[in-house]
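Enquirer:
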Amino acid sequence: MTQQIELVNNLLKWFSENKRWMPWRETKNPYLIWISEIMLQQTRVETVIDYYNRFIKKFPKIEDLAHASEEEVLKLWEGLGYYSRGRNLHKAAKQMVEKYEGVVPSSYKEIIKLPGVGPYTAGAILSIAYNQPVAAIDGNVMRVYSRLYHIEQDIMEKKTIDQVRYLVEGMMPIGNCNDFSEALMELGATVCTPKNPNCCQCPIQEYCLAKQLGKENDLPIRINKTKVTQHHKAILWIQREDKILIKKNKEKGLLAGMWVLPTLETQGKFKKIAEIQQEVDLSYGGIKINQYIGDEKHIFTHQKWNIAIFIGCCNKKSMNIEEEYQWLPIEELKNIALPTLYQKVISHCQSAIKE
Ligand code: SF4
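Read in our numbering, the sequence shown has 331 at position 321, and its numbers run on one by one without any break.
(1) Cutting at 6 Å between CB atoms, please list the residues of its own chain near I346, excluding the five before and the five after it.
(2) T37 to V201, Cα distance in whole Å?
(3) In chain order, what residues of the same chain lie with their CB nearer than 8 Å to the CB of K235, ignoring the 5 residues before and after it?
(4) Taking Cβ to Cβ, would you say Q301 is nearer than 9 Å to I321?
(5) Helix, strand or coil, according to DSSP, for E47 in the structure here?
(6) Could you check where the alpha helix (DSSP H) with H358 kicks off and where it finishes?
(7) What are the residues that DSSP puts in a beta bridge with K298?
(8) Ignore the nearest five residues each way along the sequence and tell me which others in A103's own chain have a CB closer than 7 Å to its CB.
(9) Quick check: is any heavy atom of ligand 1 less than 8 Å from the C-beta of A244?
(10) Compute the beta-carbon to beta-carbon distance between R157 and A78, rounded to the nearest angstrom, for a pair I have assumed lies under 8 Å.
(11) Go ahead and label C187 buried or exposed: buried means 16 or more other beta carbons lie within 10 angstroms of its beta carbon, across all protein chains shown.
(12) What is the DSSP secondary structure of V238, counted as helix, strand or coil?
(13) Around the Cβ of S361, are there at least 16 other Cβ atoms within 10 angstroms (buried) or fewer (exposed)?
(14) Specify, as a first and last residue, the run of the alpha helix (DSSP H) that K282 falls within.
(15) Who does L317 pair with in a DSSP beta bridge?
(16) Quick check on Y93 - is its C-beta less than 9 Å from some C-beta in chain C?
(17) To the nearest whole angstrom, what separates the beta carbons of P129 and K253, a pair I think is in contact under 8 Å?
(18) If I measure Cβ to Cβ from V178 and keep anything under 8 Å in the same chain, skipping five residues before and after, which residues do I get?
(19) Please determine whether the Cβ atom of N20 lies at a distance below 8 Å from any heavy atom of ligand 1.
(20) Name the two residues that bound the continuous alpha helix (DSSP H) containing L75.
(21) Can you check DSSP and say which residues form a bridge with Y335?
(22) Have a look at the DSSP bridge pairing and note the partners of R95.
(23) Let me confirm a value: N141 is counted as buried when at least 16 other C-beta atoms fall within 10 Å, else exposed. Which label applies?
(24) Rounded to the nearest angstrom, what separates E285 and G126 at their Cα positions?
(25) Determine contact between the region 289-301 and the region 210-230, defined as no fewer than three beta-carbon pairs at a distance below 8 Å.
(26) Who are the Cβ neighbours of T276 in its own chain at under 7 Å, not counting the five residues just before and after it?
(27) From which residue to which residue does the alpha helix (DSSP H) around D69 run?
(28) Using DSSP bridges, identify the partner residues of E275.
(29) Quick check on DSSP: helix, strand or coil for V270?
(30) Can you tell me whether I319 is buried or exposed? The criterion is at least 16 other CB atoms within 10 Å of its CB, across all chains shown.
(31) How many Å lie between K119 and W31 at the Cα?
(32) Tell me, please, which residues DSSP counts as bridged to R153.
(33) How is the alpha helix (DSSP H) around K83 delimited, first residue to last?
Take a look at the structure:
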């Protein structure tokens with residue numbers, strides 16, 4: 011027990027002396043902590059800071075977010091990726107205003123029911139904002155604990171995560187759970203890094219079993235069962251006078267609810283305009299493909315897209331298009347929320363058109 015207290019104290023002391031500045035560390039406001047934790051999922055701190063500042067400037071209170079339109083929220087999310095996070099944030103804000111009088115719930119049972127809030131986010135909000143002894147177990151914490159306690163089990167397995175949760179919650183110092191939670195994340199992000207951890211600078215090195223055994227680079231064990239699938243796509247810039255054809259994706263699936271350019275799944279890579287023209291004729295009538303302007307690659311979590319980009323035009327005044335399609339004035343492209351990939355493609359197309 012004494013050893014555990016020493017370990018916690020060493021970690022907290024190190025954190026108070028070494029923590030990086032982040033705007034959300036200036037507050038314990040549960041609404042702001044929640045926003046930051048959702049933005050930080052799968053995204054680097056450096057990227058999140060600007061988005062966070064813009065977001066809370068526009069929506070300083072939960073009611074401001076709840077009363078905004080989805081389009082406004084997604085526009086501010088543009089470029090941050092994983093857009094379902096923005097959409098869920100908006101839905102959760104509405105629920106909190108309707109059901110909890112605009113207060114982020116402080117019980118695990120309630121907070122976990124909110125859209126976009128999983129066990130990690132619930133633990134992070136409850137420990138950081140409400141100072142409760144609830145663990146926030148992310149990849150950083152799993153790595154630190156599997157090394158600290160020399161856990162040789164797959165960290166993707168539920169029983170390993172439960173074991174780490176038990177260990178973390180067993181040592182959370184009452185009254186200082188917020189700093190402890192953040193200190194663990196910080197240690198994983200800056201010292202106990204995935205490759206070549208900086209054990210010499212580590213405040214808990216004398217308690218670390220992996221370090222004693224010289225196995226810090228062998229842990230954690232991670233058996234990745236998710237395969238990345240390869241896809242070939244053709245993305246089309248289709249213009250009619252000063253308008254461009256765009257499409258709103260369905261509410262489910264990859265890039266759900268986002269505006270995109272017409273995109274076709276193709277069998278292998280298209281090299282000739284005639285080949286893509288055939289596909290386009292099958293999907294949309296009245297469109298002529300004029301130019302192939304190049305390739306692009308993009309990796310989503312489980313998909314790799316190999317993309318060929320084409321420019322075409324539509325000379326017909328009316329054309330059979332489904333209701334999710336729309337002709338948008340080109341100058342208004344800047345006002346709608348577009349995924350990063352499509353922003354890149356649009357910029358390629360606009361440069362090609364200018365040449
Ligand atoms: Fe990680 Fe090294 Fe610290 Fe162990 S001693 S927790 S391996 S940084």
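Just so you know, even glycine gets a beta-carbon here, dropped at the ideal spot from N, CA and C.
Expert: So, to answer that:
(1) W269
(2) 24 Å
(3) M166
(4) yes
(5) helix
(6) 350-364
(7) C323
(8) I72, L75, A76
(9) no
(10) About 43 Å; that fails the 8 Å criterion.
(11) buried
(12) coil
(13) exposed
(14) Note, K282: premise wrong, no alpha helix (DSSP H); not H, not E.
(15) Correcting the residue identity first, residue 317 is Ile in this sequence and not Leu. DSSP output for I317 lists K243, E306 as bridge partner(s).
(16) The structure shown contains no chain C, having only a single protein chain.
(17) 46 Å between Cβ atoms; not a contact.
(18) A145, I147, V151, Y155, L194
(19) no
(20) 72-76
(21) K257
(22) DSSP output for R95 lists no bridge partner at all.
(23) buried
(24) 42 Å
(25) no
(26) H242, K243, A244, E289
(27) Per the sequence shown, residue 69 should be read as Phe rather than Asp. Note, F69: premise wrong, no alpha helix (DSSP H); not H, not E.
(28) K243
(29) strand
(30) buried
(31) 31 Å
(32) Partner(s): none; R153 has no beta bridge.
(33) Before going on, a small fix: residue 83 reads as Val here, not Lys. V83 -> alpha helix (DSSP H) spans 80-87.
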